[in-house]
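*Asks:* Residue numbers (my numbering): 6 to 121. Next up is a structure, given as structure tokens.
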């Protein structure tokens, strides 16, 4: 906990510093929601196909989902989400013909969450 999932378009393979992003993200999350850096876990999922609206090509997706145990206020979650999007932009240099649709969410884990 927190469980962080980053979905990103294949078009961003060479322009998104995933490891650098995760290494900068973990301290940010830990400080914002008062947890340990070692508790942060990030996985990246490459999205092969993405279509936005009626665009024929040139669009890419970057979506960051942060799930954590309940107990943080809506304001804390909103602040974290905003900071995460700023951090992602600092680790992303898309080509001139690529429109990145970036989004993020911070939510509570389901009560069924368990870990070992």
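For every residue, glycine included, the Cβ atom is placed at its ideal position computed from N, Cα and C.
Looking at C-beta atoms only, is the number of pairs between the region 48–56 and the region 89–102 that lie closer than 8 Å three or more?
*Replies:* Because the criterion of three Cβ pairs below 8 Å is not met, the region 48–56 and the region 89–102 do not touch.
*Asks:* Of the residues 8, 22, 74 and 13, which one's Cα is nearest the Cα of residue 108?
*Replies:* Among 8, 22, 74 and 13, the Cα nearest to that of residue 108 is on 13.
*Asks:* At the level of alpha carbons, what is the spacing between residue 105 and residue 64?
*Replies:* Cα to Cα, residue 105 sits roughly 6 Å from residue 64.
*Asks:* Express the C-alpha separation of residue 59 and residue 42 in angstroms, rounding to a whole number.
*Replies:* Those two C-alpha atoms are separated by around 41 Å.
*Asks:* When the Cα atoms are used, what is the spatial distance from residue 35 to residue 68?
*Replies:* Roughly 20 Å separates the two Cα atoms.
*Asks:* Suppose only complete runs of 3+ residues qualify. What are the beta strand (DSSP E) ranges in the region 11–92, listed by chain order?
*Replies:* Runs of the beta strand (DSSP E) inside the region 11–92: 46–52 and 64–73.
*Asks:* Ignoring anything shorter than 4 residues or poking outside the region 88–117, list the alpha helix (DSSP H) runs there in chain order.
*Replies:* DSSP runs (the alpha helix (DSSP H)) wholly in the region 88–117: none.
*Asks:* For residue 75, collect the residues of the same chain with a Cβ closer than 6 Å to its Cβ; drop the 5 residues on either side in sequence, then sort them by chain order.
*Replies:* Excluding positions up to five away in sequence, the list reads 113.
*Asks:* Between residue 111 and residue 71, which are expected to be in contact by the criterion C-beta below 8 Å, what is the C-beta distance as a whole number of angstroms?
*Replies:* Going by Cβ atoms, the distance from residue 111 to residue 71 rounds to 4 Å, so yes, they are a contact pair.
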